[in-house]
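With the first letter of the sequence shown counted as 1, position 333 gets the number 567 in the numbering used here; the numbers rise by one all the way through.
Don't be surprised by glycine CBs; every beta carbon is placed ideally from N, CA and C.
All of these numbers come straight from a predicted model, not from anything done at the bench.
Below is one structure, written out as structure tokens; the observations come after it.
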Amino acid sequence: MKYLILIPDGMADWRVERLGNRTPLEVAETENMDFIAREGACGIAKTVPNGFEPGSDVANLTILGVDVRKHYTGRGPIEALARGVSGEIVFRCNLVRVDDGVMVDYSAGRISDEEARKVIEVLNTEKPHEFVEFHAGKSYRNLLIFNKRFEDKVRTYPPHDIQGRKIEPYMPSDGELADILRKLMDWSAEVVPGVTEKANMIWPWGGGKMPQFPDFRRRYGIRAAMITEVDLLEGIAKGMGMDVVEVEGVTGYIDTNYRKLVRECIKALKEYDLVLLHTEGIDEVSHEGDAELKVEAIEMYDEKIVGKILDRIELDEVKILLLPDHPTPVKVRTHVAEPVPFAVYGVRKDDVKVYSERSCAKGRFGRINGLELMNLLTAKN
Ligand SMILES: [Zn+2]
235 MKYLILIPDG
245 MADWRVERLG
255 NRTPLEVAET
265 ENMDFIAREG
275 ACGIAKTVPN
285 GFEPGSDVAN
295 LTILGVDVRK
305 HYTGRGPIEA
315 LARGVSGEIV
325 FRCNLVRVDD
335 GVMVDYSAGR
345 ISDEEARKVI
355 EVLNTEKPHE
365 FVEFHAGKSY
375 RNLLIFNKRF
385 EDKVRTYPPH
395 DIQGRKIEPY
405 MPSDGELADI
415 LRKLMDWSAE
425 VVPGVTEKAN
435 MIWPWGGGKM
445 PQFPDFRRRY
455 GIRAAMITEV
465 DLLEGIAKGM
475 GMDVVEVEGV
485 TGYIDTNYRK
495 LVRECIKALK
505 EYDLVLLHTE
515 GIDEVSHEGD
525 AELKVEAIEM
535 YDEKIVGKIL
545 DRIELDEVKI
555 LLLPDHPTPV
565 KVRTHVAEPV
575 PFAVYGVRKD
585 DVKVYSERSC
595 AKGRFGRING
605 LELMNLLTAK
615 N
């Protein structure tokens, strides 16, 4: 038996008034996802444990059976895994724009890779501590690495959550590490504007030690591959010993290369026991807050990803799990920690006829802990 996990990031939503009080998923024509729900069985799964931020890292780890309460150390270290770097503590390090003490742009105008790299280079040349190292990533998404141990924890805030607000209450405080971070941020405000006009300081967040995730193959006895458009999922895969299949020309948006994603997915299914296909476009559209565009994005996903895959696999040889990692309601334009609808194909049917938030809640699996999903998928039923 082969296993396929389809994760359209952020697809679940709330009822939207201007969609006639239906969710984008309910409005969208999704015959292929409906097929999976109708011929399989459904439920809703809590993928973000209480007390955790509903990030894609936490949600996808939970789906893969990793108890984040034991293993999650932060977003920075997972991105470090993706890039093949490590340190004692790693922070995600945004290049941001702050004017008059207010966070005006967490992405520094989506600064180009090239310009960001120049900034990182200068930061590394002029850094005030030997144990600190900056690592260039993509655009505003860079890393700050500490090659020195600190026992104290520091509370940081994602800059996209404080957009438009005074930064002072969100600056690191309390403790040695916080003190160093704060000084680094102040120092960066002197250095960065000399290199670029887009950003004027760094914003470290999501820091932690390198995690020790359970090895996927040892745990489930099957070989797995990850196909994704984002670093974060690549980091999770590498941390769990899954292979990462690179796909050319993907954009992480709704204009992504659907054909290549499908082609690589089909190819990987021949080679591996399990393939996880994670796509980002629907989440991006949700962050834009455009309900109509989200409906379109869901229809494109259904047709160009799910439909094309169903056409090309042997349906009695592949078990499929379909679910978003977390909801990203267009109304709030951010992730929420509520349960997500899931459908499993290749198991005893239930009465659910379509794939949606409300219909899946009536499925025979009921409401489950997201940690049970992998067992449910790989169980012999
Ligand atoms: Zn998102």
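- Bridge pairing for Ile379: Val324, Glu367 [DSSP].
- About 28 Å separates the Cβ atoms of Ala246 and Glu551, ruling out a contact at the 8 Å cut-off.
- The C-beta of Arg331 has 16 or more other C-beta atoms within 10 Å across all chains shown, which makes the residue buried.
- In the structure shown, Met444 adopts coil according to DSSP, grouped into three states.
- DSSP places Gly335 in the coil class of the three-state scheme, outside both helix and strand.
- By alpha-carbon distance to Pro448, the top candidate from Ile461, Pro438, Gly473 is Gly473.
- Measuring C-alpha to C-alpha distances from Gly580 to each of Leu557, Ile488, Leu610 identifies Leu610 as the nearest.
- Within 10 angstroms of the beta-carbon of Met435 lie 16 or more other beta-carbons, which makes it buried.
- Between Ile345 and Ala370, the C-beta gap is not smaller than 9 Å, which leaves the two residues out of contact.
- Straight-line measurement puts the Cα of Ala316 at about 15 Å from the Cα of Tyr306.
- Tyr454 and Pro393 have their C-alpha atoms spaced approximately 37 Å apart.
- Looking from the CA of Ile241, the closest CA among His560, Phe286, Val564, Lys614 belongs to His560.
- In the pairwise beta carbon analysis, the segment 518 to 534 is classified as touching the segment 256 to 267: at least three pairs are separated by under 8 Å.
- Gly600 has its alpha-carbon roughly 29 Å from the corresponding atom of Arg252.
- Short of 7 Å from the beta carbon of Asp347, and not among the five residues preceding or following it, lie these beta carbons of its own chain, in chain order: Lys372, Ser373.
- The C-beta separation of Asp507 from Arg567 comes to about 37 Å, leaving the pair out of contact by the 8 Å criterion.
- In the assembly as shown, Met608 is a buried residue. Its beta-carbon has 16 or more other beta-carbons within 10 Å.
- The DSSP-derived three-state label of Ile547 is coil.
- By the C-beta density criterion, Met235 is exposed, having fewer than 16 other C-beta atoms within 10 angstroms.
- Under the Cβ criterion (8 Å, minimum of three pairs), the segment 277 to 286 does not count as touching the segment 538 to 554.
- Just so you know, the alpha carbons of Glu498 and Asp413 end up roughly 47 Å apart.
- Look at Asp477 here: in three-state DSSP terms it is strand.
- Using a Cβ-Cβ distance cut-off of 8 Å, the segment 458 to 469 and the segment 287 to 294 are in contact, since at least three pairs of beta carbons, one from each stretch, lie closer than that value.
- Secondary structure of His305 (DSSP, three-state): helix.
- The three-state reading of DSSP puts Trp421 in helix, counting H, G and I together.
- Lys432 counts as buried, since no fewer than 16 other beta carbons sit within 10 angstroms of its beta carbon.
- Closest in C-alpha terms to Asp420, from the list Asn603, Val366, Lys583, Trp437, comes Trp437.
- A straight-line Cα-Cα distance of about 26 Å links Val479 and Pro288.
- A straight line joining the alpha-carbon of Val429 with that of Leu357 spans about 10 Å.
- When C-beta atoms of the segment 374 to 382 are compared with those of the segment 394 to 404, fewer than three pairs fall below 8 Å, so the two segments do not count as touching.
- Distances from the CB of Asp517 to the heavy atoms of ligand 1 include at least one below 8 Å.
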